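Under this note's numbering, the first residue of the sequence shown is numbered 3, with each subsequent residue one higher.
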Amino acid sequence: MTKILEINPDNLYFYENDIKYAAEIIKSGGLVAFPTETVYGLGGDATNPKAAEAIFAAKGRPSDNPLIIHVANPRDAEAYAHTGELYYKLAERFMPGPLTVIMNARESVPLETRGGLSTVAVRCPSNQVARMLIEESGVPIAAPSANISGSPSPTSAKHVIDDLYGKIDVIIDGGDSAFGVESTIVKIEDDSTLTLLRPGSITVDELLCIADVKIADAVTDKLPEGAVALSPGMKYRHYAPKATLVLLDGDYQDIVAYIKQEGLDNTAIITYSDDYDDFCGEFSDSDVYVLGARDNSREQAHHLFSVLRKVDKHNYTKIYAPLPDKSGVGLALYNRMIRAAAHQVIDLRQGRDG
Ligand code: AMP
Ligand code: MG
């Protein structure tokens, strides 16, 4: 049986006993799903190899895909990673918050948690429920997203219940995730250089204020057959709904013409709120779903996974969505959507733009 604990983050101190209960579960090697500002995490004691194995088993996640360890305060990273000046610059600017930093690991982090790598990923979440849970547990919490591996990440407790009820000990319901996409992941290369491994709501421009930033090829492109991913998670199909997602790169008229020509058999259309009324004029409004305003990629990121899950409930066979723009937080949407679409992008600009 999975216990569900509802916690109102605005009155956290009323729920101390619930947090203590969940922390005891973590300490004894059990699994607790909890809210963070990015998506819901599936937490276990990061220093306990058995807990790491249980996380992989519950999610159906390949065990070579390492787990991010969550600490209550940036300085706590010291016990688990070889930090340095650049880590503290990042911490000062972005922590607590949606940034994960990859550094060389200390022996205190079992190989199971780090998927056999010599490095470890560390994050200090800003969500108060998450911080209190980590503090009460007294250990760092290893937590991947609390979904079945490959499916869209969970941004509400309802999504976690749909995927993991009966497979884990506790689900803490602390409301919807503030950002809705997973953390930005950077690897520290040297005192002044970072490699971006996964884009998130902390943008490249923000990181450039602190260090030079290289963008790993796998952020925007398909990895060539046999290539080694800098971040093991990037080689797997990910974030995907059950229906085939196809991304359309083109203007409103091109997209409408393309979908009409292909036919609408069992097909859903995801679009921007700006185009919703026009699309409903062209297609049945029950098949049109809204991501957010075209120029507001934060709003789109907030809705992305819940829209993919909602569409999935209707058993469509195909979903069309616009290819996101790569600027700012758009890069995070682009990265998630090309993976969810297994890189199927139709270029409707060809011929039009020359
Ligand atoms: P999730 O836990 O579902 O948010 O995914 C975590 C991501 O972080 C995956 O893509 C992992 O491959 C990546 N990751 C975790 N630890 C490391 C590491 N030490 N080096 C590179 N990537 C990592
Ligand atoms: Mg995940």
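Glycine included, every Cβ here is placed at the ideal spot set by N, Cα and C. None of the values given here were measured: they were computed from a predicted structure.
Asked: Leu-119: CB within 6 Å of a non-hydrogen atom of the ligand AMP; Found: yes
Asked: Residue interval of the alpha helix (DSSP H) (run including His-304); Found: 299-314
Asked: Other residues of its chain near Lys-22: CB distance less than 8 Å, five sequence neighbours each side excluded; Found: Glu-138
Asked: Selected residue, minimal CA-CA separation from Ile-143, among Leu-166, Asp-78, Asp-178, Leu-293; Found: Asp-78
Asked: Minimum C-alpha distance to Asn-268 - residue among Pro-234, Val-34, Val-313, Gly-283; Found: Val-313
Asked: Beta-carbon spacing of Pro-68, Arg-108 below 7 Å; Found: no
Asked: Option nearest Val-122 by Cα separation, candidates Phe-58, Ile-70, Asp-193, Pro-201; Found: Ile-70
Asked: CB-CB length for Asp-214 against Thr-195, believed under 8 Å; Found: 5 Å
Asked: Check: Asn-275 C-beta below 6 Å from any heavy atom of the ligand MG; Found: Per the sequence shown, residue 275 should be read as Ser rather than Asn. Every heavy atom of the ligand MG is 6 Å or more from the Cβ of Ser-275, so no.
Asked: Cβ-heavy atom distance, Ser-128 to the ligand AMP, below 6 Å; Found: no
Asked: The segment 241-261 in contact with the segment 292-303 per 3-pair CB rule at 8 Å; Found: no
Asked: Cutoff 6 Å; reference Val-258; Cβ partners in own chain excluding five residues on either side; Found: Glu-284
Asked: Residues near Asn-106 by beta carbon distance below 7 Å, same chain, minus five either side; Found: Ala-83, His-84, Ser-120, Thr-121
Asked: CB contact below 7 Å: Asp-289 versus chain D; Found: Judged by its chain identifiers, the structure shown contains no chain D, having just a single protein chain.
Asked: Limits of the alpha helix (DSSP H) - the one that Ile-261 falls within; Found: 254-264
Asked: Entirely enclosed alpha helix (DSSP H) segments - the segment 187-222, minimum 4 residues; Found: 206-210
Asked: Nearest to Leu-306 (by Cα), restricted to the options Tyr-274, Arg-125, Glu-26; Found: Tyr-274
Asked: For Val-347 and Ile-340, believed in contact at Cβ under 8 Å, the rounded distance; Found: 7 Å
Asked: Beta-carbon gap between Phe-16 and Leu-135 smaller than 7 Å; Found: no
Asked: From Pro-201, Val-221, Asn-149, residue whose alpha carbon lies closest to that of Pro-243; Found: Asn-149
Asked: Whole-angstrom distance between Met-236 and Ala-229, CA atom to CA atom; Found: 11 Å
Asked: Burial state of Asp-355 (16 or more Cβ within 10 Å); Found: Its pLDDT being 48, under 50, Asp-355 is placed unreliably by the model, and the measurement read from it follows with that caveat. With fewer than 16 Cβ atoms within 10 Å of its Cβ, Asp-355 is classed as exposed.
Asked: Exposed unless 16 or more other CB atoms sit within 10 angstroms - verdict on Glu-264; Found: exposed
Asked: Beta-carbon gap between Pro-324 and Tyr-336 smaller than 7 Å; Found: no
Asked: Same chain only: Cβ atoms within 6 Å of Gly-32, ignoring 5 sequence neighbours per side; Found: Asp-171
Asked: Cα-Cα separation between Ser-65 and Glu-55, rounded to whole angstroms; Found: 8 Å
Asked: Beta-bridge pairing of Tyr-274 - partner residues as DSSP gives them; Found: Gly-294
Asked: Whole-angstrom C-beta distance between Leu-92 and Leu-101, which should lie under 8 Å; Found: 6 Å
Asked: Proximity to Tyr-278 [Cα-Cα], best of Tyr-291, Leu-266, Ala-270; Found: Tyr-291
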